[in-house]
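Trainee: Numbering (our numbering), first residue to last: 10 to 446.
We put the beta carbon where it would ideally sit given N, CA and C, even for glycine.
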RNA sequence: GGGCGCGUAGCUCAAUGGUAGAGCAUCGGCCUUUUAAGCCGUUGGUUCGGGGUUCGAGCCCCCGCGCGCUCACCA
């Protein structure tokens, strides 16, 4: 255990003092009657006819302003913040002093009383009784001071550091309410994807995470060891190989939502463990999958955001089918001026890039596939803001995908993009066993 | 893994190689409608760790640790 900070030591002393006074800092039960949002809503409707609203609320102290014989404080629960008003008239001087001296930001308390509206207009609980529910030792992270150009200082009462936010998710959640909303949206999203696929006769399965041989993608794995078998095992980098085996077993439509693990770079777009959805559909081709995909995403947007139109950063994205479809060769030609069909070798294509795009800097050792990738990510991808399917990929960057019947260098594959991000990747699967070797 | 940058009080940050500071928080006092409350006072430091240069190192040099950005890899 790390050493306590001076602030934590003060709080530990307060716990001692509470116990000395016969106050249990961690009582077993709470008696909440309303969330803060319910209390405010109920008061709003009762205010017109002067109906009294008595409630008991529970939450964490987020702010307090002691002013001698009265104290204002805010507590926050899962539904939001609410102000408390404490006065010696109802509580006695001893109780108000107790609140001010022994309770701190972050402590969980419950408070009972009557709802009213302050002079400043804020719906507030006039506290007649309160009780400590759990004394916090480590303070909630908060307060970031930013000095403005004019020299004034603005205080943000929220956790800012990206490092802390990621490492201490609970603290981020406790302090930043919008993050809680992200969690709810994520749960809705996954629920809606399940509902959609179930509705379309796809069967949800779970395949092995611990695998003796990894595959299904080009990525480095995490390695672990099975002691009893004395055998190295890998955390899956993809579900692909196991899901395909289920197709072999005549489960014609299967899907899995779960974690994959890739031992690679970390950034705001890439995490070593990430959630992925894969589905496989026997006897269908990539065009049918394209249609199903845009319907699925639109369905999810409707369920999560209430509309197929969604704000993302500065963009307003409309996921309503049909999405724009751009053939890769045409897209590259339109955005970079290079027709990859006219340059069938790496050397040839590299020469064309150097001639037509003197400012571009591709790796000269690249294969033809890598050069095409370069053109896509440099010129084409940034233009794919509204939901778009990019389709018909060059064979040399698309393992396991089936070639087009009349063009062996191009495969039946597509990727979906929105706001410049790749959303998904799909293809007509190679099913010639000899070709696969 | 490569390149660049950062690490000073609980937090956010100052400090030409010359006595380590400010605001907020903490702690104490005043204050019966505040909401970034206000006013007065107080406490708080192995300057990330180790070594070196120097009369003198938070600052310069070397090694290490941690973190950020970025490139490569990838979704």
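#1: Look at the alpha carbon of residue 2 and the alpha carbon of residue 182, and state the distance between them as a whole number of angstroms.
#2: Beta strand (DSSP E) containing residue 401: first to last residue?
#3: Beta-carbon separation of residue 300 and residue 330 under 9 Å?
#4: Relative to the C-alpha of residue 113, which candidate in 147, 125, 91, 403 has its C-alpha closest?
#5: Rounded to the nearest angstrom, how far is the Cβ of residue 142 from that of residue 107, given a contact under 8 Å?
#6: Between which two residues does the alpha helix (DSSP H) carrying residue 254 extend?
#7: Looking at residue 435: is its Cβ nearer than 9 Å to the Cβ of residue 295?
#8: Counting beta carbon pairs with one atom in the region 412 to 431 and one in the region 312 to 327, are three or more of them shorter than 8 Å?
#9: Beta-carbon within less than 8 Å of residue 45's beta-carbon, same chain only, minus the 5 sequence neighbours each way: which residues are those?
#10: Please check the pair residue 355 and residue 375, which I expect to be a contact at CB under 8 Å, by giving their CB distance rounded to whole angstroms.
#11: Buried or exposed: residue 367, going by 16 or more other Cβ atoms within 10 Å of its Cβ?
#12: Give the list of continuous beta strand (DSSP E) stretches no shorter than 3 residues that lie fully inside the region 188 to 246.
#13: Please list the segments of the beta strand (DSSP E) lying wholly inside the region 372 to 427, counting only runs of 3 or more residues, in order along the chain.
#14: Is it buried or exposed for residue 43, if we count other Cβ within 10 angstroms and need 16 for buried?
#15: Return helix, strand or coil for residue 98, following the three-state DSSP convention.
#16: From 61, 382, 145, 93, pick the residue whose C-alpha is nearest to that of residue 403; which is it?
#17: Below 8 Å on the Cβ atoms is my guess for residue 216 versus residue 248; work out the distance and round it to an integer in Å.
#18: Please report the distance separating the alpha-carbon of residue 358 from that of residue 432.
#19: Rounded to the nearest angstrom, what separates residue 285 and residue 379 at their Cα positions?
#20: Which residues bound the beta strand (DSSP E) around residue 140?
#21: State the Cα-Cα distance for the pair residue 231 and residue 271, rounded to the nearest angstrom.
#22: Whether or not the region 24 to 35 and the region 48 to 68 are in contact is what I'm after, with contact meaning three or more pairs of Cβ atoms, one per stretch, closer than 8 Å; do they touch?
#23: With DSSP as the reference, identify every bridge partner of residue 93, one or two as the case may be.
#24: What residues are listed by DSSP as bridge partners for residue 49?
#25: What does the alpha-carbon distance come out to for the pair residue 298 and residue 364?
#26: Using only alpha-carbon positions, find the residue among 389, 275, 289 that is nearest to residue 258.
#27: Write down the C-beta distance between residue 313 and residue 201 rounded to the nearest angstrom, noting that I regard them as a contact closer than 8 Å.
#28: Identify the residues that DSSP records as bridge partners of residue 69: which are they?
#29: Beta carbon of residue 105: closer than 8 Å to some heavy atom of the ligand NAD?
#30: As a quick exercise: from 332, 373, 19, pick the residue whose alpha carbon is nearest that of residue 393.
#31: At what residues does the alpha helix (DSSP H) containing residue 358 begin and finish?
#32: Go ahead and pull the three-state DSSP assignment for residue 295.
#33: Quick check on the burial criterion: 16 or more other C-beta atoms within 10 angstroms. Buried or exposed for residue 398?
#34: Between the alpha carbons of residue 346 and residue 422, how many angstroms are there, rounded?
#35: Can you round the beta-carbon distance between residue 338 and residue 350 to whole angstroms, since I take them to be within the 8 Å contact cut?
#36: Taking just the CA atoms, how far does residue 317 sit from residue 52?
Mentor: Taking the definition as stated:
#1: There is no way to answer for residue 2, as the model of the chain reaches only from 10 to 446.
#2: 397 to 403
#3: yes
#4: 147
#5: With 8 Å as the limit, residue 142 and residue 107 do not qualify as a contact, their Cβ atoms being about 15 Å apart.
#6: 249 to 257
#7: yes
#8: yes
#9: 66, 68, 84, 85, 86, 88, 89, 90, 91
#10: 7 Å
#11: exposed
#12: 232 to 235, 240 to 244
#13: 397 to 403, 416 to 427
#14: buried
#15: helix
#16: 382
#17: 5 Å
#18: 28 Å
#19: 25 Å
#20: 132 to 143
#21: 7 Å
#22: no
#23: 82, 134
#24: For residue 49, which the question treats as bridged, DSSP gives no partner whatsoever.
#25: 38 Å
#26: 289
#27: 6 Å
#28: 85, 117
#29: Absence of the ligand NAD from the depicted structure is noted, as is the absence of any ligand whatsoever, leaving it without description.
#30: 332
#31: 355 to 365
#32: helix
#33: buried
#34: 23 Å
#35: 6 Å
#36: 35 Å
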